[in-house]
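When you line the sequence shown up against the numbering used here, it's residues 10 to 280, in that order.
In this text, a Cβ means the ideal position worked out from N, Cα and C, and glycines have one as well.
A short write-up of the structure that comes next.
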Amino acid sequence: MPKRTRLLLVLLGLSAMLYIAVQVDWSVPGRYYRNYQHVQAMLARKDQLDSAVARLRARYGESANMSFAVSFDLQGTFTQVVQVTRECGELDDHSFLDDARQLFKEAGLGRIDRLEYRYGCDQPLSFGMTVQAFNQSFISALKEHSWCREITPSQALSQARLDQPSQLWTDKNAAIQAQLDSDGDGSITRGRWYSALAPLNDGQAQYRMMLCATRAVIRVLEPGLDEAQVFKLNSEVHSEGPDSQAVEVGRYRFSGATRPTGFNVSRVRKD
Numbered sequence: 010m011p012k013r014t015r016l017l018l019v020l021l022g023l024s025a026m027l028y029i030a031v032q033v034d035w036s037v038p039g040r041y042y043r044n045y046q047h048v049q050a051m052l053a054r055k056d057q058l059d060s061a062v063a064r065l066r067a068r069y070g071e072s073a074n075m076s077f078a079v080s081f082d083l084q085g086t087f088t089q090v091v092q093v094t095r096e097c098g099e100l101d102d103h104s105f106l107d108d109a110r111q112l113f114k115e116a117g118l119g120r121i122d123r124l125e126y127r128y129g130c131d132q133p134l135s136f137g138m139t140v141q142a143f144n145q146s147f148i149s150a151l152k153e154h155s156w157c158r159e160i161t162p163s164q165a166l167s168q169a170r171l172d173q174p175s176q177l178w179t180d181k182n183a184a185i186q187a188q189l190d191s192d193g194d195g196s197i198t199r200g201r202w203y204s205a206l207a208p209l210n211d212g213q214a215q216y217r218m219m220l221c222a223t224r225a226v227i228r229v230l231e232p233g234l235d236e237a238q239v240f241k242l243n244s245e246v247h248s249e250g251p252d253s254q255a256v257e258v259g260r261y262r263f264s265g266a267t268r269p270t271g272f273n274v275s276r277v278r279k280d
């Protein structure tokens with residue numbers, strides 16, 4: 010090989026080595042290996058994850074679960090994705106996601122780069138009482154307030170028929186239609202109360218009757234609340250503004266509406 014050619018090849022080789030030394034980030038292999046070790050260490054901490062899952066289920070039931078996946082790219086960037094799942098319960102439940110995030114961190118499992126919510130079904134949580142038991146307590150709660158004592162079930166809903174899911178409650182100048190949904194065991198899962206025959210009713214009397222119904226439902230579902238708390242929550246459910254007002258009442262969510270006047274109730278927590 011001619012000396013000139015050999016010299017040219019040597020210079021090309023030196024140039025290539027210099028380029029590699031300058032342009033290549035030699036810290037990447039080190040970061041890659043450190044992240045690999047970190048992933049292995051996190052995957053080995055199953056007991057800590059089990060503890061976080063147990064605490065999450067204690068609050069939201071056995072259908073709640075939590076897992077995580079760890080990945081890293083060639084640049085050594087570490088990413089941790091936490092997946093929380095529920096097979097049943099309220100879909101739009103920010104407290105569930107907030108608690109899952111907090112419990113994960115408290116378990117010492119590190120930071121969360123992305124939180125994914127995977128939902129399995131839309132079966133609502135049970136109220137823990139039958140329609141008949143609820144209506145009996147509802148009648149008692151109505152009698153507690155002077156405004157509400159004249160509200161009675163329609164003739165079709167006698168004491169012997171308090172298990173009917175669809176009901177009509179009447180006053181002298183107003184009426185409310187109620188619909189109670191139940192699961193296979195007969196326990197209520199959702200309730201809806203709204204103005205009935207609105208064009209024929211006195212508007213003020215109808216609104217007062219809706220306040221009575223809301224108060225009675227709160228008293229039945231969360232009997233531990235005092236009168237001041239019940240009054241405040243009742244006002245929030247039927248406050249003026251957007252069509253729907255969602256208010257947390259203990260373990261339940263009340264969603265008020267203005268057209269027609271009414272409210273929906275669903276359970277959001279088991280504790």
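**Nonlocal neighbours in the same chain, by C-beta distance under 6 angstroms from Tyr-261, ignoring five residues either side** = Leu-230, Val-274 and Arg-276
**Item:** Best match in Tyr-203, Arg-217, Glu-153 and Ser-155 for proximity to Asn-182 [C-alpha to C-alpha]
**Value:** Arg-217
**Prompt:** For Met-219, which of Gln-238, Leu-151, Val-256 and Tyr-69 has the nearest alpha-carbon?
**Reply:** Leu-151
**Message:** According to DSSP, is Asn-144 part of a helix, a strand, or is it coil?
**Reply:** helix
**Request:** Have a look at Arg-123, Phe-105 and Gln-111 and flag the residue whose alpha-carbon is nearest the alpha-carbon of Tyr-69.
**Result:** Phe-105
**Message:** Determine whether the beta carbon atoms of Arg-127 and Thr-94 lie at a separation below 8 angstroms.
**Reply:** yes
**Asked** Between the Cα of Lys-114 and the Cα atoms of Glu-96, Leu-234, Ser-76 and Ala-222, which residue gives the shortest distance?
**Response** Ser-76
**Asn-273, DSSP secondary structure in three states** = strand
**Prompt:** Between the C-alpha atoms of Gly-193 and Ala-237, what's the straight-line distance to the nearest angstrom?
**Reply:** 36 angstroms
**Asked** By the 10 Å Cβ neighbour count, where 16 or more other Cβ atoms means buried, how is Pro-251 classified, buried or exposed?
**Response** Any reading at Pro-251 must be qualified, since the residue scores a pLDDT of 49, below 50, and its modelled position is unreliable; no value is offered.
**Prompt:** Any idea which residues DSSP pairs Val-256 with across the strands?
**Reply:** The partner list for Val-256 (beta bridge, DSSP) reads Phe-263.
**Request:** For the alpha helix (DSSP H) holding Arg-59, just list the boundary residues, first then last.
**Result:** Reading off the sequence, residue 59 comes out as Asp, not Arg. Counting along the chain, the alpha helix (DSSP H) containing Asp-59 begins and ends at 55-69.
**Asked** How far does the alpha helix (DSSP H) with Met-223 in it reach, from first residue to last?
**Response** Sequence inspection shows Thr at residue 223; the Met mentioned does not correspond to that position. Unbroken alpha helix (DSSP H) run through Thr-223: 212-230.
**Request:** Take Ile-197 as the anchor and find which of Ala-61, Asp-122, Pro-133 and Gly-119 has the nearest alpha-carbon.
**Result:** When C-alpha distances from Ile-197 are compared across Ala-61, Asp-122, Pro-133 and Gly-119, the shortest belongs to Pro-133.
**Message:** Between Val-258 and chain C, is the shortest Cβ-Cβ distance under 8 angstroms, so that the two count as touching?
**Reply:** No chain C is present in this structure, which holds just one protein chain.
**Request:** State the start and end residues of the unbroken beta strand (DSSP E) segment that holds Ser-244.
**Result:** Element bounds for Ser-244: not the beta strand (DSSP E) but the alpha helix (DSSP H), 236-246.
**Request:** Could you pull the start and end residues of the beta strand (DSSP E) that Ser-191 belongs to?
**Result:** It spans 184-191 - the beta strand (DSSP E) in which Ser-191 sits, taken as one unbroken run.
**Close-in-space but distant-in-sequence residues of the same chain around Arg-110 (CB under 8 angstroms, 5 per side omitted)** = Val-91, Ile-121 and Leu-124
**Prompt:** What is the DSSP secondary structure of Ser-204, counted as helix, strand or coil?
**Reply:** strand
**Prompt:** Which of the three DSSP states, helix, strand or coil, is assigned to Phe-136?
**Reply:** coil
**Request:** Classify Ser-196 as helix, strand or coil using the three-state DSSP reduction.
**Result:** DSSP places Ser-196 in strand when its eight states are reduced to three.
**Asked** What span of residues does the beta strand (DSSP E) with Leu-112 cover, start to end?
**Response** For Leu-112, there is no enclosing beta strand (DSSP E); the residue is part of the alpha helix (DSSP H) that begins and ends at 103-115.
**Prompt:** Ser-72 lies in the beta strand (DSSP E); which residues open and close that run?
**Reply:** Run containing Ser-72: none; DSSP gives neither H nor E here.
**Prompt:** Are Trp-202 and Gly-137 touching if we call contact CB-CB under 8 angstroms?
**Reply:** no
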